[in-house]
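Worksheet: one structure, shown below.
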Ligand code: G6P
């Protein structure tokens with residue numbers, strides 16, 4: 257397939273801009289838009305997964321690498337908080353040599369954009385092997401989340417969620433990450449419905465919120481890209497960055513740090529904001545900017561107070577937060593405003609400015625954004 261940049265300077269920027277469309281495709285593919293709370297006897301989600309995959313589920317284990325592992329962490333939050341299923345997330349490269357003891361009624365999910373990452377395939381092959389000799393239902397409890405159903409992953413596992421993101425050229429994953437998050441929203445909502453642990457009205461609200469995401473991403477792109485491009489000038493010589501988030505936005509802090517490392521070669525750490533006091537705070541001074549994700553919800557006040565601790569160490573504080581939150585506006589030195597989004601849906605929106613920040617810092621430094629040194633789009637060797 258011939259893919260072109262269509263006027264964008266790099267594929268990565270083009271792919272960042274494709275994200276509203278990717279989210280729309282996922283919504284169209286998997287969600288019944290006419291569903292209302294009155295239809296609660298059937299699920300609004302259409303993943304085409306067999307019913308016995310969900311029966312008596314007691315545990316979910318997720319294996320993945322890199323950005324896909326971050327999607328897995330958001331997935332864990334959703335599967336636990338919406339569907340009430342204990343979920344563990346493991347690096348495939350670690351899991352394959354030290355797997356958790358196998359328990360029945362466990363669903364194993366491999367997340368891999370390319371469907372070709374050697375460690376992820378090996379971890380899943382091992383899980384397949386460990387289940388042989390058990391019941392047919394147990395053997396079938398393997399699910400892949402991928403952007404390439406025709407990949408080696410597709411041959412390995414019996415069930416697939418296709419993330420419909422289209423081909424991604426930039427080595428640093430952007431639109432495929434957002435698509436993986438959409439797959440986890442659908443899976444968690446479907447499971448929550450199946451287990452009857454979500455009120456129909458809450459489900460209706462979630463679906464309405466999901467439908468608004470494409471337009472909300474567009475708002476961030478339209479209102480913030482130029483500003484972030486300007487902001488990037490300040491950081492062309494910066495050597496260390498800290499990204500903070502809590503709850504469902506902790507994995508987004510990790511992803512923001514990973515994007516920056518991958519393409520700008522600046523050292524960055526993502527940390528759960530409440531853990532900063534147990535180490536990273538010692539690194540802070542006026543030379544280390546701190547990017548904090550502060551979305552109204554369960555941990556909003558907590559993140560703001562953690563951010564204030566960083567400010568007391570002279571760090572420049574950059575907040576990804578809704579525009580009209582006065583307390584946040586007073587806390588941060590620099591604001592990257594995003595629309596008001598329900599906390600549980602916010603990762604899809606908060607990741608966008610972090611992708612743009614990494615992109616513009618790398619572009620400003622004149623680096624090869626689409627082909628960063630030492631990295632490969634898919635890592636097919638151990
Ligand atoms: C490589 C890529 C990353 C990606 C990771 C996992 O390291 O550079 O962008 O997140 O592999 O890839 P996968 O295809 O398994 O999602």
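Residue numbers (the UniProt record's numbering): 257 to 638.
Just so it is clear, CB atoms sit at the ideal spot from N, CA and C, and this is done for glycine as well.
Of the listed residues the options, nearest to residue i (C-alpha basis)
| i | options | result |
| --- | --- | --- |
| residue 443 | 283, 634, 262, 622 | 283 |
| residue 645 | 507, 264, 441, 312 | With the chain represented from 257 up to 638, any question about residue 645 goes unanswered, as that position is not in the structure. |
| residue 319 | 302, 402, 520 | 402 |
| residue 430 | 289, 336, 326, 524 | 326 |
| residue 587 | 597, 618, 614, 546 | 546 |
| residue 378 | 413, 463, 359, 396 | 413 |
| residue 484 | 308, 618, 287 | 618 |
| residue 399 | 306, 494, 480, 486 | 306 |
| residue 356 | 374, 331, 382, 335 | 382 |
| residue 536 | 627, 276, 565 | 565 |
| residue 322 | 376, 406, 308 | 376 |
| residue 397 | 270, 333, 496, 360 | 360 |
| residue 461 | 482, 269, 262, 292 | 292 |
| residue 526 | 510, 556, 539 | 510 |
| residue 267 | 480, 626, 552 | 626 |
| residue 492 | 557, 620, 451 | 620 |
| residue 309 | 368, 391, 274 | 391 |
| residue 605 | 522, 395, 635, 466 | 466 |
| residue 629 | 521, 553, 506 | 521 |
| residue 311 | 557, 261, 393 | 393 |
| residue 274 | 608, 614, 635 | 608 |
| residue 227 | 385, 495, 302, 486 | The chain is shown only over 257 to 638; residue 227 falls outside these bounds and no answer can be derived. |
| residue 446 | 304, 422, 506 | 304 |
| residue 497 | 635, 404, 614 | 614 |
| residue 598 | 551, 584, 558 | 551 |
| residue 459 | 635, 631, 289, 514 | 289 |
| residue 419 | 285, 560, 395 | 285 |
| residue 558 | 584, 538, 580 | 584 |
| residue 464 | 287, 269, 270 | 287 |
| residue 296 | 404, 450, 336 | 450 |
| residue 328 | 385, 507, 411 | 507 |
| residue 368 | 570, 404, 578 | 404 |
| residue 384 | 411, 336, 406 | 411 |
| residue 281 | 422, 553, 324 | 422 |
Cβ-Cβ separation, residue j to residue i (assumed contact under 8 Å), whole Å
| i | j | result |
| --- | --- | --- |
| residue 437 | residue 300 | Not quite, the Cβ-Cβ distance comes to about 18 Å (not below 8 Å), so this is no contact. |
| residue 448 | residue 339 | 4 Å |
| residue 519 | residue 623 | 6 Å |
| residue 341 | residue 313 | 6 Å |
| residue 633 | residue 370 | 7 Å |
| residue 524 | residue 516 | 4 Å |
| residue 470 | residue 276 | 4 Å |
| residue 425 | residue 279 | Residue 425 to residue 279, Cβ: 19 Å. No contact. |
| residue 542 | residue 563 | Contact doesn't hold; Cβ gap of about 16 Å is too wide. |
| residue 389 | residue 380 | Not quite, the Cβ-Cβ distance comes to about 17 Å (not below 8 Å), so this is no contact. |
| residue 374 | residue 637 | 6 Å |
| residue 512 | residue 610 | 3 Å |
| residue 316 | residue 363 | 5 Å |
| residue 440 | residue 334 | 5 Å |
Distance cut-off 7 Å: residue i Cβ against heavy atoms of the ligand SAH
| i | result |
| --- | --- |
| residue 369 | Absence of the ligand SAH from the depicted structure is noted, with the ligand G6P being the only ligands included. |
Those residues which DSSP pairs with residue i across a bridge
| i | result |
| --- | --- |
| residue 326 | For residue 326, which the question treats as bridged, DSSP gives no partner whatsoever. |
| residue 236 | Within the shown structure, residues of the chain are numbered from 257 to 638, placing residue 236 beyond reach of any answer. |
| residue 315 | 362 |
| residue 344 | 317 |
| residue 376 | BP columns for residue 376 are empty, so no partner. |
| residue 296 | In the DSSP output, where bridge partners are listed per residue, residue 296 has none listed. |
| residue 402 | 418 |
| residue 301 | 287 |
| residue 367 | 320, 401 |
Cutoff 8 Å: residue i Cβ touching any chain D Cβ
| i | result |
| --- | --- |
| residue 265 | Among the protein chains of the structure shown there is no chain D, as only one such chain exists. |
Subject >> Inter-stretch contact at 8 Å, needing at least 3 Cβ pairs: the region 560–578 / the region 586–599 >> reply: Judged by Cβ distances under 8 Å, the region 560–578 makes contact with the region 586–599, as three or more pairs qualify.
Original post:
Could you give the uninterrupted runs of the alpha helix (DSSP H) lying entirely in the UniProt domain "SIS" (487–628), keeping only those of 4 residues or more?
Top reply: Listed in chain order, the complete alpha helix (DSSP H) runs (minimum 4 residues) inside the UniProt domain "SIS" (487–628) are 506–520, 556–567, 582–587, 603–620.
Subject >> Three-pair Cβ contact test at 8 Å for the region 467–486 versus the region 500–519 >> reply: In short, these stretches do not touch, since the Cβ pair count stays below three.
Original post:
Do the region 350–357 and the region 449–460 make contact, defined as three or more Cβ pairs closer than 8 Å?
Top reply: Output reads no: the region 449–460 does not touch the region 350–357.
**OP:** Could I get the ranges of all uninterrupted alpha helix (DSSP H) runs contained in the region 436–492, with 4 residues as the minimum, in chain order?
**Re:** Qualifying alpha helix (DSSP H) stretches, in chain order: 456–489.
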